[in-house]
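Trainee: Numbering (this note's numbering), first residue to last: 235 to 524.
Ideal Cβ placement from N, Cα and C applies to all residues, glycine included.
Treat the numbers as computed from the prediction; the structure is a model and nothing was measured.
Shown below is the structure under consideration.
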(Lines of atoms letter the chains of each structure in order from A and count residues from 1; the text may use other names and numbers.)
(Lines give C-alpha, C1' and ligand atoms only; values in the text may rest on other atoms or scores of the structure.)
Protein backbone atom coordinates (compact mmCIF):
# COMPACT_ATOMS: atom_id res chain seq x y z
CA UNK A 1 0.00 0.00 0.00
CA UNK A 2 1.35 3.40 -0.96
CA UNK A 3 2.70 5.53 1.82
CA UNK A 4 1.15 8.93 2.33
CA UNK A 5 3.46 11.92 2.43
CA UNK A 6 3.22 13.49 5.85
CA UNK A 7 4.67 16.92 6.50
CA UNK A 8 5.65 18.00 9.96
CA UNK A 9 6.72 21.55 10.69
CA UNK A 10 8.38 22.55 13.95
CA UNK A 11 8.20 26.25 14.64
CA UNK A 12 10.73 27.21 17.27
CA UNK A 13 10.07 30.78 18.29
CA UNK A 14 12.86 33.01 19.52
CA UNK A 15 15.43 30.30 18.91
CA UNK A 16 16.28 31.21 15.33
CA UNK A 17 16.13 34.45 13.44
CA UNK A 18 13.88 34.90 10.44
CA UNK A 19 16.85 34.58 8.11
CA UNK A 20 18.09 31.37 9.71
CA UNK A 21 20.27 30.55 12.73
CA UNK A 22 23.04 32.93 13.51
CA UNK A 23 26.45 31.30 13.38
CA UNK A 24 28.86 32.06 16.19
CA UNK A 25 32.04 33.80 15.12
CA UNK A 26 35.23 32.76 16.89
CA UNK A 27 37.07 35.46 18.76
CA UNK A 28 40.33 36.44 17.13
CA UNK A 29 42.62 35.70 20.05
CA UNK A 30 45.69 37.88 20.00
CA UNK A 31 48.46 36.90 22.40
CA UNK A 32 51.80 38.50 23.09
CA UNK A 33 54.11 39.04 20.16
CA UNK A 34 57.72 38.30 21.01
CA UNK A 35 60.95 39.52 19.41
CA UNK A 36 63.58 36.82 19.98
CA UNK A 37 67.09 38.03 19.20
CA UNK A 38 70.00 35.73 18.30
CA UNK A 39 72.05 35.10 21.41
CA UNK A 40 75.48 36.73 21.37
CA UNK A 41 78.32 34.20 21.65
CA UNK A 42 81.50 35.08 23.55
CA UNK A 43 84.20 32.51 22.89
CA UNK A 44 87.74 32.19 21.57
CA UNK A 45 86.34 29.70 19.07
CA UNK A 46 84.16 30.51 16.08
CA UNK A 47 80.77 29.52 17.53
CA UNK A 48 78.54 32.37 16.39
CA UNK A 49 76.10 29.97 14.73
CA UNK A 50 75.17 28.58 18.15
CA UNK A 51 73.52 31.88 19.06
CA UNK A 52 70.88 31.44 16.35
CA UNK A 53 70.42 27.80 17.34
CA UNK A 54 69.57 28.83 20.89
CA UNK A 55 67.15 31.49 19.65
CA UNK A 56 65.45 28.98 17.37
CA UNK A 57 64.89 26.61 20.29
CA UNK A 58 63.26 29.44 22.26
CA UNK A 59 61.22 30.55 19.25
CA UNK A 60 59.76 27.08 18.70
CA UNK A 61 58.90 26.66 22.38
CA UNK A 62 57.09 30.01 22.55
CA UNK A 63 55.16 29.24 19.36
CA UNK A 64 54.07 25.92 20.87
CA UNK A 65 52.82 27.81 23.93
CA UNK A 66 50.70 30.09 21.76
CA UNK A 67 52.90 33.16 21.35
CA UNK A 68 53.60 34.86 18.03
CA UNK A 69 57.26 35.60 17.20
CA UNK A 70 57.76 38.74 15.14
CA UNK A 71 58.82 38.27 11.52
CA UNK A 72 62.35 36.89 11.49
CA UNK A 73 62.95 38.63 8.19
CA UNK A 74 62.00 42.02 9.66
CA UNK A 75 64.11 41.36 12.76
CA UNK A 76 67.16 40.40 10.69
CA UNK A 77 66.71 43.54 8.62
CA UNK A 78 66.84 45.69 11.75
CA UNK A 79 69.85 43.80 13.08
CA UNK A 80 71.73 44.30 9.82
CA UNK A 81 71.66 48.06 10.43
CA UNK A 82 73.62 47.71 13.68
CA UNK A 83 77.38 48.08 13.74
CA UNK A 84 77.85 46.25 17.04
CA UNK A 85 76.13 43.46 19.02
CA UNK A 86 72.65 44.42 20.18
CA UNK A 87 72.44 45.85 23.69
CA UNK A 88 69.49 46.11 26.06
CA UNK A 89 68.35 49.54 24.86
CA UNK A 90 68.57 48.55 21.19
CA UNK A 91 66.67 45.32 21.80
CA UNK A 92 63.84 47.31 23.39
CA UNK A 93 63.81 49.91 20.59
CA UNK A 94 63.75 47.29 17.83
CA UNK A 95 61.08 45.28 19.66
CA UNK A 96 58.79 48.30 19.91
CA UNK A 97 59.37 49.18 16.26
CA UNK A 98 58.32 45.68 15.22
CA UNK A 99 55.21 45.77 17.39
CA UNK A 100 56.44 43.23 19.94
CA UNK A 101 54.95 43.03 23.42
CA UNK A 102 58.14 41.60 24.84
CA UNK A 103 61.74 40.98 23.83
CA UNK A 104 64.12 38.14 24.60
CA UNK A 105 67.87 38.29 24.16
CA UNK A 106 70.95 36.84 25.82
CA UNK A 107 74.52 35.60 25.65
CA UNK A 108 76.42 32.34 25.56
CA UNK A 109 79.83 32.50 27.25
CA UNK A 110 82.33 29.69 26.71
CA UNK A 111 85.51 29.62 28.78
CA UNK A 112 87.38 26.38 28.29
CA UNK A 113 84.78 23.65 28.70
CA UNK A 114 82.54 25.81 30.91
CA UNK A 115 79.34 27.12 29.30
CA UNK A 116 77.32 29.96 30.80
CA UNK A 117 73.96 30.75 29.21
CA UNK A 118 72.20 33.96 30.20
CA UNK A 119 68.73 34.96 28.97
CA UNK A 120 66.83 38.22 29.38
CA UNK A 121 63.06 38.68 28.96
CA UNK A 122 61.43 42.10 29.15
CA UNK A 123 57.76 43.05 28.95
CA UNK A 124 57.67 46.24 26.87
CA UNK A 125 54.53 47.45 28.65
CA UNK A 126 56.82 48.72 31.38
CA UNK A 127 54.83 47.03 34.14
CA UNK A 128 57.74 44.76 35.04
CA UNK A 129 61.50 45.02 34.84
CA UNK A 130 63.67 42.64 32.87
CA UNK A 131 64.05 39.11 34.22
CA UNK A 132 67.43 37.42 33.93
CA UNK A 133 67.94 33.66 33.84
CA UNK A 134 71.34 31.97 34.13
CA UNK A 135 72.29 28.37 33.40
CA UNK A 136 75.64 26.61 33.37
CA UNK A 137 76.98 23.42 31.83
CA UNK A 138 80.20 21.72 30.83
CA UNK A 139 81.16 20.92 27.24
CA UNK A 140 79.38 21.72 24.00
CA UNK A 141 77.45 18.44 24.26
CA UNK A 142 75.49 20.00 27.14
CA UNK A 143 74.36 23.00 25.08
CA UNK A 144 71.31 21.25 23.63
CA UNK A 145 69.95 20.49 27.09
CA UNK A 146 70.77 24.00 28.32
CA UNK A 147 68.95 25.50 25.32
CA UNK A 148 65.81 23.45 25.98
CA UNK A 149 65.85 24.35 29.66
CA UNK A 150 66.37 28.03 28.85
CA UNK A 151 63.50 27.91 26.33
CA UNK A 152 61.20 26.34 28.91
CA UNK A 153 62.04 28.80 31.67
CA UNK A 154 61.87 31.83 29.37
CA UNK A 155 58.46 30.64 28.20
CA UNK A 156 57.28 30.53 31.80
CA UNK A 157 58.63 34.02 32.33
CA UNK A 158 56.92 35.20 29.15
CA UNK A 159 53.67 33.80 30.50
CA UNK A 160 54.26 35.99 33.54
CA UNK A 161 54.68 32.92 35.71
CA UNK A 162 51.26 33.94 36.97
CA UNK A 163 48.75 31.34 37.99
CA UNK A 164 45.03 31.55 37.37
CA UNK A 165 43.61 32.80 40.66
CA UNK A 166 39.99 32.40 39.58
CA UNK A 167 37.77 31.84 36.56
CA UNK A 168 34.65 34.00 36.30
CA UNK A 169 31.79 33.27 33.89
CA UNK A 170 29.51 36.13 32.84
CA UNK A 171 26.48 36.31 30.57
CA UNK A 172 25.19 32.79 31.24
CA UNK A 173 21.58 32.63 32.37
CA UNK A 174 20.49 29.08 31.61
CA UNK A 175 23.76 27.26 31.03
CA UNK A 176 25.43 26.41 34.31
CA UNK A 177 28.91 27.73 35.06
CA UNK A 178 30.11 24.20 35.88
CA UNK A 179 29.03 22.99 32.43
CA UNK A 180 31.20 25.67 30.82
CA UNK A 181 34.17 25.03 33.10
CA UNK A 182 33.83 21.32 32.42
CA UNK A 183 34.80 21.67 28.74
CA UNK A 184 37.78 23.95 29.44
CA UNK A 185 41.40 22.88 29.82
CA UNK A 186 42.32 25.91 31.93
CA UNK A 187 41.99 25.33 35.65
CA UNK A 188 42.33 27.57 38.67
CA UNK A 189 45.80 27.31 40.18
CA UNK A 190 47.49 26.52 36.86
CA UNK A 191 49.71 28.77 34.78
CA UNK A 192 47.71 30.73 32.22
CA UNK A 193 48.50 29.17 28.84
CA UNK A 194 47.60 30.93 25.57
CA UNK A 195 47.53 27.56 23.82
CA UNK A 196 44.97 26.24 26.31
CA UNK A 197 42.88 29.39 25.95
CA UNK A 198 42.61 28.82 22.21
CA UNK A 199 41.31 25.31 22.83
CA UNK A 200 38.96 26.55 25.57
CA UNK A 201 37.41 29.06 23.19
CA UNK A 202 36.77 26.35 20.58
CA UNK A 203 35.38 23.93 23.17
CA UNK A 204 32.89 26.46 24.55
CA UNK A 205 31.68 27.29 21.03
CA UNK A 206 31.24 23.59 20.30
CA UNK A 207 28.75 23.34 23.17
CA UNK A 208 26.35 24.97 20.70
CA UNK A 209 24.61 27.23 23.20
CA UNK A 210 26.31 30.56 22.48
CA UNK A 211 26.36 33.12 19.69
CA UNK A 212 29.46 34.78 21.08
CA UNK A 213 32.29 33.80 23.44
CA UNK A 214 35.04 36.09 24.70
CA UNK A 215 37.97 35.45 27.01
CA UNK A 216 39.63 38.16 29.05
CA UNK A 217 42.59 37.83 31.42
CA UNK A 218 43.17 40.63 33.92
CA UNK A 219 45.76 41.22 36.62
CA UNK A 220 45.01 40.89 40.30
CA UNK A 221 47.26 40.82 43.39
CA UNK A 222 46.63 37.09 43.82
CA UNK A 223 47.31 36.21 40.18
CA UNK A 224 45.34 36.28 36.93
CA UNK A 225 41.56 36.53 36.74
CA UNK A 226 40.20 34.76 33.66
CA UNK A 227 36.75 36.00 32.65
CA UNK A 228 34.63 33.98 30.23
CA UNK A 229 32.05 36.26 28.58
CA UNK A 230 29.26 34.39 26.79
CA UNK A 231 26.14 35.40 24.94
CA UNK A 232 23.54 32.68 25.03
CA UNK A 233 21.35 31.82 22.08
CA UNK A 234 17.74 32.88 22.69
CA UNK A 235 15.56 30.42 24.56
CA UNK A 236 12.67 28.51 23.01
CA UNK A 237 9.45 30.28 23.90
CA UNK A 238 7.09 27.77 22.32
CA UNK A 239 7.14 24.63 20.20
CA UNK A 240 4.37 24.47 17.58
CA UNK A 241 3.60 21.37 15.58
CA UNK A 242 1.67 21.66 12.31
CA UNK A 243 0.67 19.21 9.61
CA UNK A 244 0.65 16.14 11.85
CA UNK A 245 -2.27 13.73 11.35
CA UNK A 246 -0.83 10.30 12.07
CA UNK A 247 0.99 11.16 15.30
CA UNK A 248 -0.50 13.28 18.02
CA UNK A 249 1.27 16.43 19.12
CA UNK A 250 1.84 15.01 22.62
CA UNK A 251 3.61 11.98 21.15
CA UNK A 252 5.83 14.20 19.00
CA UNK A 253 6.75 16.44 21.94
CA UNK A 254 7.42 13.37 24.08
CA UNK A 255 10.22 12.08 21.83
CA UNK A 256 11.86 15.50 21.63
CA UNK A 257 14.59 16.63 24.02
CA UNK A 258 13.96 20.33 23.45
CA UNK A 259 11.51 21.96 25.83
CA UNK A 260 10.12 25.46 26.19
CA UNK A 261 12.50 27.90 27.91
CA UNK A 262 15.57 25.80 27.08
CA UNK A 263 18.42 27.06 24.92
CA UNK A 264 18.33 25.50 21.46
CA UNK A 265 21.51 24.78 19.55
CA UNK A 266 21.50 23.91 15.87
CA UNK A 267 22.73 20.44 16.81
CA UNK A 268 19.88 19.88 19.30
CA UNK A 269 17.27 20.97 16.75
CA UNK A 270 18.65 18.57 14.12
CA UNK A 271 18.75 15.76 16.69
CA UNK A 272 15.09 16.27 17.60
CA UNK A 273 14.07 16.38 13.94
CA UNK A 274 15.73 12.98 13.53
CA UNK A 275 13.91 11.64 16.60
CA UNK A 276 10.52 12.72 15.30
CA UNK A 277 11.30 11.27 11.88
CA UNK A 278 12.26 7.98 13.53
CA UNK A 279 8.96 7.97 15.45
CA UNK A 280 7.08 8.21 12.14
CA UNK A 281 9.18 5.43 10.62
CA UNK A 282 8.38 3.14 13.52
CA UNK A 283 4.71 3.62 12.61
CA UNK A 284 5.43 2.79 8.98
CA UNK A 285 5.46 6.31 7.57
CA UNK A 286 8.85 6.28 5.91
CA UNK A 287 8.19 9.22 3.65
CA UNK A 288 7.37 11.67 6.43
CA UNK A 289 9.25 14.90 6.01
CA UNK A 290 10.12 17.05 8.99
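From the DSSP output, read off the bridge partner residues of residue 371.
Mentor: For this step, residue 371 is matched to residue 137 along the chain shown. DSSP output for residue 371 lists 349 as bridge partner(s).
Trainee: Can you look up residue 531 in the DSSP assignment and give me helix, strand or coil?
Mentor: No answer is possible for residue 531: the residues shown for the chain start at 235 and end at 524.
Trainee: Evaluate the contact criterion for the segment 274-286 versus the segment 395-413: three or more CB pairs, one atom per stretch, below 8 angstroms.
Mentor: no
Trainee: Over the uninterrupted alpha helix (DSSP H) stretch that includes residue 308, give me the two end residues.
Mentor: In the chain shown, counting from the first residue as 1, residue 308 sits at position 74. For residue 308, the uninterrupted alpha helix (DSSP H) run begins and ends at 306-313, by DSSP.
Trainee: Taking C-beta to C-beta, are residue 365 and residue 391 nearer than 7 angstroms?
Mentor: The residue labelled residue 365 in the question sits at position 131 within the chain shown. The residue labelled residue 391 in the question sits at position 157 within the chain shown. A contact, by the Cβ cut-off of 7 angstroms.
Trainee: Should residue 354 go down as buried or exposed, given a rule of 16 or more other Cβ atoms within 10 Å for buried?
Mentor: The residue labelled residue 354 in the question sits at position 120 within the chain shown. Per the 10 Å Cβ criterion, buried.
Trainee: In chain order, what residues of the same chain have a beta carbon less than 8 angstroms from the beta carbon of residue 466, not counting five sequence neighbours either side?
Mentor: One-based indexing of the chain shown puts residue 466 at position 232. Here the set comprises 405, 406, 407, 408, 409, 443, 444, 445 and 497.
Trainee: What did DSSP end up calling residue 397 once you bin it into helix, strand or coil?
Mentor: Along the chain shown, one-based indexing puts residue 397 at 163. It is a strand residue.
Trainee: Tell me, please, which residues DSSP counts as bridged to residue 565.
Mentor: With the chain running from 235 to 524 in the structure shown, residue 565 is simply not present.
Trainee: If we count Cβ pairs, one from each stretch, closer than 8 angstroms, do we get three or more for the segment 374-381 versus the segment 302-313?
Mentor: no
Trainee: Does the contact criterion of 3 or more C-beta pairs under 8 angstroms hold for the segment 474-483 versus the segment 453-466?
Mentor: no
Trainee: Between 347, 287 and 459, which lies nearest to residue 205 when the distance is taken from Cα to Cα?
Mentor: The requested residue 205 is not part of the displayed model; the chain covers only 235 to 524.
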